[in-house]
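Each remark here refers to the structure printed beneath this line.
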Amino acid sequence: VWNKFGEQNMRLILVGCEYAGTTTLAETISEWAKGAMGGNFGFHDHWKIPHISHPPELTDEERDQFMALSPNIKEMFQRYHMEYHLSTGFYGDPHHNSVGFHIDEAVYAPLYYGYGQAGEYGDRSQAARKTEAHIMEVAPDTVLVLVRAAPEVIRQRMKENPHPNGLV
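Take any residue in the sequence shown, count from 1 to its spot, add 541: that is its number in the working numbering.
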């Protein structure tokens, strides 16, 4: 995508169930973009608890410590984490790409993390709408991509390559 200054932008948000292939697709796009356009077109792929950091990854001890936090503290961390990634200095980058981001939070938080239910403080459905409105204001060229896989494919991937601390 070309912006109003004649520069190339790539702002993607890849979403999909764990094991659908979002991370694999992000890595493939990054490699393709590096060769086709030059530069770094990485993805922020650290939204599913306990996978909340990018290199350097958390140690096993740090991950255990994070998982022992209360739902309220996890909610606060993720809310600040998302707000940070939406800041002008951060989301203003012409190549801001994410896997999951606010949509992962809206789906997984109420199901698995113990916060974000409708009507609660930190309601993730409302937060997702607020995030989308902000993205459309500051970066309307952002493209949302839904990555899908058949249930039998997800089951096979889970069996053949189980994620440590997987969600589904």
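Backbone N, C-alpha and C define an ideal beta-carbon position, used for all residues, glycine too.
- Message: When you compare the region 556-570 with the region 597-612, are there three or more beta-carbon pairs, one atom per stretch, that lie closer than 8 angstroms?
- Response: no
- Extent of the continuous beta strand (DSSP E) to which V684 belongs: 684-687
- Assuming H587 contacts I593 (C-beta within less than 8 angstroms), just tell me the rounded distance between them. 5 angstroms
- Item | Completely contained alpha helix (DSSP H) runs for the region 642-668, where each covers 4 or more residues | 642-649
- Query: Does the beta-carbon distance from R508 to H643 come in below 9 angstroms?
  - Reply: The first residue shown for the chain is 542 and the last is 709, placing residue 508 beyond what the model contains.
- Message: Does the contact criterion of 3 or more C-beta pairs under 8 angstroms hold for the region 681-697 versus the region 553-567?
- Response: yes
- Beta-carbon proximity of T563 to V688, cut-off 9 angstroms: yes
- Query: Is the CB of Y560 under 9 angstroms away from at least one CB in chain B?
  - Reply: In the displayed structure, chain B is absent; only one protein chain is listed.
- Counting only the same chain and skipping the five closest in sequence on each side, list residues whose C-beta sits under 8 angstroms from that of R620. G663, A668
- Task: May I have the straight-line CA-CA distance separating M608 from P591, to the nearest angstrom?
- Result: 7 angstroms
- If you draw a straight line from the C-alpha of M677 to the C-alpha of R670, how long is it? 11 angstroms
- Report yes if the CB atom of F618 is closer than 9 angstroms to the CB atom of L610, and no otherwise. yes
- Message: From the DSSP secondary-structure annotation, give me the bridge partner or partners of W639.
- Response: Before going further, note that residue 639 is Ser rather than Trp in the sequence given. DSSP output for S639 lists I554, H585 as bridge partner(s).
- Item | Residues near Y560 in its chain [Cβ-Cβ closer than 6 angstroms; skip 5 each side] | I695, R698, M699
- Message: Let me check understanding here. Comparing Cα to Cα, which of K589, N613, P692 lies closest to Y649?
- Response: K589
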